[in-house]
Amino acid sequence: MFSTRINRRRATAAVLGAALLVPLTACGKDEAKKPAADGASASASASPSAAAPKAANLTVLAASSLTDVFKTAGAAYEKAHPGTKITFSFAGSQELAAQVKQGAPADALVTADTKTMDGLKAEVNDPKVIAKNRLVIAAGKGNPFKIAALKDLADTKIKVVLAAPEVPVGRYSKQILDAQKIEVKPVSQEPNVRAVLSKVELGEADAGLVYKTDSIKSGDKITTVDIPDEQNAVASYPAAALKGSKNAEAAAAFVAWLSTPEAQKILQDAGFQQA
């Protein structure tokens, strides 16, 4: 009899214990279904967008020799950054520098030399070289004067056109000609490298000194004569966001992108050298 009462008590206790466990288990399941704390959720969802620049309409001032490659680069950047629109303004670096000093509304600047950029320290943020270039001789189609080296440009029978010495390519041209003690009397001095190239392409000049990348773009309109490295000059292209930009974050993001593998491939496919 006593044994029977004990067994009944144990059975009752077991039933009560099981009944108590049911709501506790259900509570545990409900807790598992609850979303993460608001702070953690916001942090997780915000981190990808925080790293991405805000969409903006950017104006980028760029050296003339970047005209074709930057059109390709700009399209690639816009595709990767929906909502962002880039408008390029191409000219000689010295002209671009003058625009910046005059307060032209722009967001970023890329010049064809470090000297021009160095003169704008008060207007730009942390320039970084994104590419390099070299000079070549652009001779008329078929190279009728058989130009083979820099010294041939001293022949007065050859109409040579150079960029003005204020322009980076003009300064580089003077540098390499002076180093070889070659005196050239140009028939004209142009405001940028594209103008020099155009004169040769149209037959208005027999030869000129241009960047290698520009000669590649001309194709068979000209004959390209390479200049040995020991007689050549290396052009460096620094890029920087402008301090006066109204789209500072987006401008800095574009400048940083120019050093990424994607942008570097576009530049190097166009003939530019790695920075």
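The end of the sequence shown is residue 285 by this note's numbering, with every number in the run present.
Backbone N, C-alpha and C fix where the C-beta goes; we use that ideal spot for every residue, glycine too.
- Going by beta carbons, Thr69 and Pro137 fall outside the 8 Å limit.
- In the three-state scheme derived from DSSP, where H, G and I count as helix and E and B as strand, Gln185 is classed as helix.
- Three or more pairs of CB atoms, one per stretch, sit closer than 8 Å, so the stretch 147 to 156 contacts the stretch 215 to 229.
- In the three-state reduction of the DSSP assignment, Lys111 falls in the helix class, which pools H, G and I.
- Taking a contact as a CB-CB distance under 8 Å, the pair Leu252 and Ala262 does not count as one, their CB atoms being some 10 Å apart.
- In the DSSP annotation of this structure, the continuous segment of the alpha helix (DSSP H) that includes Leu207 starts and ends at 203 to 211.
- Less than 8 Å divides the Cβ of Ala250 from the Cβ of Ala118.
- If you ignore the 5 residues before and after Gln283, its C-beta comes within less than 6 Å of the C-beta of Lys142, all in its own chain and listed in chain order.
- The residues Thr82, Ala83, in chain order, have a CB closer than 6 Å to that of Ile276 in the same chain once the five nearest residues on each side in sequence are set aside.
- For Gln199, the uninterrupted beta strand (DSSP E) segment begins and ends at 198 to 200.
- Cα atoms of Thr234 and Leu207: separation of roughly 11 Å, rounded to the nearest angstrom.
- A straight-line Cα-Cα distance of about 12 Å links Ser99 and Asp78.
- Annotated three-state conformation of Phe98 is strand, per DSSP.
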